[in-house]
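What follows is one structure encoded as structure tokens, with my remarks underneath.
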Amino acid sequence: MREPLSYEIAHGAALAALQAARAEGHKVCAVVVNRSGVTKILLSDDGVGPLGVETARRKAYTSAVSGVPTAKFAAFAASPQMRVAPPHLVDANLLPVAGGVPIVTADGEVIGAIGVGGADDVTDDRIANQARDAVAEIVA
3 MREPLSYEIA HGAALAALQA ARAEGHKVCA VVVNRSGVTK ILLSDDGVGP
53 LGVETARRKA YTSAVSGVPT AKFAAFAASP QMRVAPPHLV DANLLPVAGG
103 VPIVTADGEV IGAIGVGGAD DVTDDRIANQ ARDAVAEIVA
């Protein structure tokens with residue numbers, strides 16, 4: 003098992019998310035959690051409301067504990083098999099909406115996740131992926 007998610011990685015990913023969003027004219031919140039879904043860092047741009055903050059946190063949590071991007075988790079949650087046990091009934095923190103991506107080491111270990119909230123789900127997802135990619139070298 004590798005070192006847990008460092009502050010350097012968490013802060014770098016969250017800051018990269020805010021910078022990427024600002025470059026596109028968006029105001030977002032970025033939350034980075036450890037592999038257990040516990041918040042490591044939260045950076046919220048001016049003007050982001052409580053909904054953006056909470057969705058970012060829940061997207062990060064969902065991606066960390068499931069080990070997959072929330073866009074993929076959303077497709078699974080919408081499948082007919084999940085009608086009998088919707089994810090929110092299993093764990094109220096799960097949010098099957100695009101915008102959360104796992105932070106994974108070169109050998110495939112999930113060490114945390116980043117969630118972005120405040121824009122639409124497609125934009126949040128793109129920014130989360132850019133933020134994860136921005137710290138890829140120090141995660142490896």
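Here the numbering used here is used: the first residue of the sequence shown is 3, the next is one more, and so on.
Even glycine gets a Cβ: it sits at the ideal position worked out from N, Cα and C.
As the structure is a prediction and not an experimental result, all values here were calculated from the model.
Exercise for the section: Count the C-beta pairs between the stretch 50–66 and the stretch 100–119 that are closer than 8 Å, then say yes if the count reaches three, no if not. Expected result: With the rule of 3 Cβ pairs closer than 8 Å, the stretch 50–66 counts as touching the stretch 100–119.
Problem - Nearest-angstrom beta carbon gap, V35 and G114 [assumed within contact, 8 Å] - result: Along the sequence shown, one-based indexing puts residue 114 at 112. Along the sequence shown, one-based indexing puts residue 35 at 33. That belief holds up - the Cβ atoms of G114 and V35 are roughly 6 Å apart, short of 8 Å.
Problem - Spatial distance of D123 from T107 (CA atoms) - result: Position 121 of the sequence shown, counted from the first residue, corresponds to residue 123. Position 105 of the sequence shown, counted from the first residue, corresponds to residue 107. Between the alpha carbons of D123 and T107 lies a distance of about 25 Å.
Handout entry: the stretch 89–97 contacting the stretch 20–28, beta-carbon criterion three pairs below 8 Å
Key = Judged by Cβ distances under 8 Å, the stretch 89–97 makes no contact with the stretch 20–28, as fewer than three pairs qualify.
Problem - Uninterrupted beta strand (DSSP E) stretches inside the stretch 46–112 (no shorter than 3 residues) - result: Complete beta strand (DSSP E) runs here, min 3: 102–106.
Exercise for the section: Please state whether DSSP places L7 in a helix, a strand or coil. Expected result: Reading the sequence shown from its first residue, position 5 is the one you call residue 7. The DSSP-derived three-state label of L7 is coil.
Exercise for the section: Tell me whether V40 sits in a helix, a strand or coil according to DSSP, three-state version. Expected result: As a first step, residue 40 must be located in the sequence shown, where it is residue number 38. DSSP, reduced to helix, strand and coil, places V40 outside both helices and strands of the structure shown, so it counts as coil.
Handout entry: Residue(s) in a DSSP beta bridge with G114
Key = Along the sequence shown, one-based indexing puts residue 114 at 112. DSSP lists N36, I105 as partners of G114.
Practice task
Could you name the residues of the same chain whose beta carbon sits closer than 7 Å to that of Q83, not counting the 5 residues immediately before and after it, in chain order?
Solution key: Sequence index remark: in the sequence shown, residue 83 carries index 81 (1-based). Nothing listed; no residue qualifies.
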